[in-house]
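> The structure follows.
In this note's numbering, the protein residues as written are 5 to 111.
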């Protein structure tokens with residue numbers, strides 16, 4: 005019984021690794037440059053290159069995946085581009101307030 009549980013957990017972890025790798029690599033094949041999209045069409049090549057370096061987009065694809073995966077394992081989900089806050093803080097803030105339907109429901 006313990007062997008079966010360990011086998012299921014191992015299969016689940018392997019599935020998560022495969023799915024995360026496939027999604028990560030497929031998103032890297034999408035057209036366009038993330039740094040260019042963030043800065044807009046009028047950005048100079050120097051500012052695009054600086055942002056690519058800041059975001060780690062100048063590193064090889066496997067290195068970026070390794071850094072992303074180790075960050076996920078350690079609980080570092082990155083920084084939001086919209087609010088410039090850690091994503092882990094944003095998730096906690098969203099769950100700390102009651103749902104909208106609680107706030108607008110009649111008493």
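Cβ atoms here follow ideal geometry from the backbone N, Cα and C, with glycine treated the same way.
(1) CB residue 39 to CB residue 61, shorter than 9 Å?
(2) Beta-carbon separation of residue 73 and residue 32 under 9 Å?
(3) Nearest to residue 69 by CA position, among 14, 7, 8, 28, is which residue?
(4) Once you ignore the five residues that flank residue 94 on each side, which residues in its own chain have a CB closer than 7 Å to its CB?
(5) Confirm, please, whether the CB-CB distance from residue 59 to residue 51 is below 9 Å.
Reading off the structure:
(1) Locating residue 39 in the chain shown gives position 35, where the first residue counts as 1. Locating residue 61 in the chain shown gives position 57, where the first residue counts as 1. For residue 39 and residue 61, yes; Cβs fall inside 9 Å.
(2) Taking the first residue of the chain shown as position 1, residue 73 is located at position 69. Taking the first residue of the chain shown as position 1, residue 32 is located at position 28. Result no, Cβ atoms of residue 73 and residue 32 do not sit closer than 9 Å.
(3) Position 65 of the chain shown, counted from the first residue, corresponds to residue 69. Of the listed residues, the one whose Cα sits closest to residue 69 is 28.
(4) By 1-based counting over the chain shown, the position of residue 94 is 90. Taken in chain order, the residues that qualify are 84, 87.
(5) As a working note, residue 51 is residue 47 in the chain shown. As a working note, residue 59 is residue 55 in the chain shown. Not in contact: residue 51 and residue 59 (Cβ atoms no closer than 9 Å).
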